[in-house]
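Take a look at the structure set out below.
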Amino acid sequence: MVGSRFHLSRFKRLMFFSVFFCVSTFAQGLSQKEADQVLAEFDQTFHAVVASHGGDFQPVFVLDQTDLNAYARQETQNGVELWWILIYGGFAKHPRLTVEALDFALCHELGHHLGGFPFNPGSQWMAVEGEADYFAAQACLRKLWSKQTEVNAKFRETVPVLVKEKCDNAWAVASDQDLCYRINRAAMDELTLQEQTFKSPPQYDTPDQSVVSKTMGYDHPSPQCRIDTILSATLCTTQFDFSVIPGRHEPDGQNSLKAQEASMRNSCSNSRPACWFKELN
Numbered sequence: 004m005v006g007s008r009f010h011l012s013r014f015k016r017l018m019f020f021s022v023f024f025c026v027s028t029f030a031q032g033l034s035q036k037e038a039d040q041v042l043a044e045f046d047q048t049f050h051a052v053v054a055s056h057g058g059d060f061q062p063v064f065v066l067d068q069t070d071l072n073a074y075a076r077q078e079t080q081n082g083v084e085l086w087w088i089l090i091y092g093g094f095a096k097h098p099r100l101t102v103e104a105l106d107f108a109l110c111h112e113l114g115h116h117l118g119g120f121p122f123n124p125g126s127q128w129m130a131v132e133g134e135a136d137y138f139a140a141q142a143c144l145r146k147l148w149s150k151q152t153e154v155n156a157k158f159r160e161t162v163p164v165l166v167k168e169k170c171d172n173a174w175a176v177a178s179d180q181d182l183c184y185r186i187n188r189a190a191m192d193e194l195t196l197q198e199q200t201f202k203s204p205p206q207y208d209t210p211d212q213s214v215v216s217k218t219m220g221y222d223h224p225s226p227q228c229r230i231d232t233i234l235s236a237t238l239c240t241t242q243f244d245f246s247v248i249p250g251r252h253e254p255d256g257q258n259s260l261k262a263q264e265a266s267m268r269n270s271c272s273n274s275r276p277a278c279w280f281k282e283l284n
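If you want our numbering, it's the 1-based position in the sequence shown plus 3.
Laid out in structure tokens, this is it:
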């Protein structure tokens, strides 16, 4: 298994990356130091959150894997529940990688662990791709960047007009508006790394009009649908409760109506686009 080779103590894991980075390059994207710092800050922010749900958090770079990808996984080793986030080398060393894109990818993968309902069919823990995007934008990045007010404010100068209007209408306080701008920029930065696979680039003013008959499971929504999801999530002013995983271990079933109700208490109703989400009645 991919994760098993990184089953190290916390100290050894950090030492491992110091050595591994010395023989790796992040040409023209993030420097080695910057990438290492992003990962460390992310781990520090969410390690206790994951631990509160019984997981041993393991966010790591897998630099010898050249795929432009990232993965979430859970496994048990020697009685320890390991919650992995694996960022592959093709992503970590991409020449256009930004701090925002890396943080978004990390938060998306964390969303598979913590986002909750709706869950992938047959999975006991993994939220679907659309929900991972929603969690990243509504909950994770807002928590991760909440104190980075000076950095967040810089995105006020470059935010697209439509995004600025929507963020300003949703949030009354300038610091919240700045976060809204930055999160939307992060999503676009992350998607841009994969633009060679797009039929057409996503735009904020051309929302995906497709309507699914049931919630999408393991497949990614279209890039346009993903941007729509992230924009909608950044406009949700409900605070996510990190002490719960909405719908997890729901007696009626993790994809039941009660699980959906638990999710709605931690998000905003009617804010998940119909291009990937089908609400239960």
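Where a beta carbon is used, it is the ideal one built from N, C-alpha and C, also for glycine.
Limits of the beta strand (DSSP E) - the one that residue i falls within
| i | result |
| --- | --- |
| Ala-75 | 73 to 80 |
| Tyr-91 | 83 to 91 |
Proximal residues to residue i (C-beta, below 6 Å), its chain only, five neighbours per side dropped
| i | result |
| --- | --- |
| Pro-210 | Asp-231 |
| Thr-195 | none |
| Leu-144 | Cys-110 and Ile-186 |
| Trp-60 | Here residue 60 turns out to be Phe, not Trp, going by the sequence shown. Contacts found: His-50, Val-53 and Trp-86. |
| Ala-173 | Leu-238 |
| Asp-70 | Tyr-91 and Gly-93 |
| Gln-77 | Trp-86 and Trp-128 |
| Val-162 | Tyr-184 |
| Val-214 | Ala-277 |
Whole-angstrom C-beta distance between residue j and residue i, which should lie under 8 Å
| i | j | result |
| --- | --- | --- |
| Tyr-137 | Arg-275 | 6 Å |
| Ser-216 | Lys-281 | 7 Å |
| Cys-170 | Thr-237 | 7 Å |
8 Å Cβ shell around residue i - same chain, five flanking residues per side excluded
| i | result |
| --- | --- |
| Asn-155 | Trp-148, Ser-178, Asp-181, Leu-182, Tyr-184 and Arg-185 |
| Asp-67 | Gly-92 |
| Thr-79 | Leu-85 |
| Phe-29 | Caution applies to Phe-29, whose pLDDT of 44 falls short of 50 and renders its modelled position unreliable; the value that the coordinates give is listed next. Cβ neighbours of Phe-29 beyond the five flanking positions: Gln-35, Glu-37, Ala-38, Ala-95, Lys-96 and Leu-100. |
| Ile-233 | Asp-136, Tyr-137, Ala-139, Ala-140, Ile-186, Asn-187 and Ala-190 |
| Val-166 | Cys-183, Tyr-184, Asn-187, Tyr-207 and Leu-234 |
| Gln-263 | Phe-120, Pro-121, Gly-250, Glu-282 and Leu-283 |
| Gly-256 | Ala-262 |
| Asn-72 | Tyr-91, Gly-93 and Phe-94 |
Cβ pair residue i, residue j closer than 8 Å
| i | j | result |
| --- | --- | --- |
| Pro-103 | Ala-75 | With the sequence shown as reference, residue 103 is identified as Glu, and Pro is not the correct amino acid for it. No. Outside cutoff. |
| Leu-105 | Val-41 | yes |
| Thr-241 | Ser-266 | no |
| Thr-48 | Asp-192 | no |
| Pro-62 | Gly-220 | no |
| Phe-64 | Asn-258 | no |
| Glu-84 | Gly-57 | yes |
| Ser-55 | Ser-246 | yes |
| Gly-250 | Phe-45 | no |
Element boundaries [alpha helix (DSSP H), containing residue i]
| i | result |
| --- | --- |
| Gln-263 | 260 to 268 |
| Asp-179 | 177 to 195 |
| Pro-226 | 226 to 237 |
| Gln-61 | It is not in any alpha helix (DSSP H) - Gln-61 instead sits in the beta strand (DSSP E) that spans 59 to 65. |
| Gly-145 | The residue asked about is misnamed: residue 145 is Arg in this sequence, not Gly. Residues 144 to 147. |
| Lys-167 | 164 to 173 |
| Gln-35 | 35 to 55 |
| Cys-271 | It is not in any alpha helix (DSSP H) - Cys-271 carries neither H nor E in the DSSP assignment. |
| Leu-113 | 102 to 117 |
| Asp-136 | 132 to 138 |
| Val-153 | The identity of residue 153 in the sequence shown is Glu, whereas the question assumes Val. Its alpha helix (DSSP H) spans residues 152 to 156. |
Same chain, Cβ closer than 7 Å to residue i, neighbours up to 5 away in sequence not counted
| i | result |
| --- | --- |
| Phe-158 | Asp-181, Tyr-184, Arg-185 and Arg-188 |
| Cys-228 | Asp-211, Pro-276, Cys-278 and Trp-279 |
| His-115 | Ala-75, Met-129, Ala-130 and Ala-135 |
| Gly-32 | Lys-96, His-97, Pro-98, Arg-99 and Leu-100 |
| Ile-248 | His-56, Leu-117 and Gly-119 |
| Leu-260 | Leu-283 |
| Asp-244 | Asn-269 |
| Glu-198 | Pro-204 |
| Ala-142 | Phe-243 |
| Phe-201 | Pro-226 |
| Glu-253 | Ser-259, Lys-261, Ala-262 and Ala-265 |
| Glu-153 | none |
Test: residue i CB closer than 8 Å to a CB of chain D
| i | result |
| --- | --- |
| Gln-35 | Reference to chain D is not applicable here, since this structure consists of a single protein chain. |
Kindly confirm or deny that the segment 217 to 230 and the segment 123 to 134 touch, where touching means at least three C-beta pairs closer than 8 Å. yes
Contact the segment 107 to 127 vs the segment 201 to 216: 3+ CB pairs below 8 Å: no
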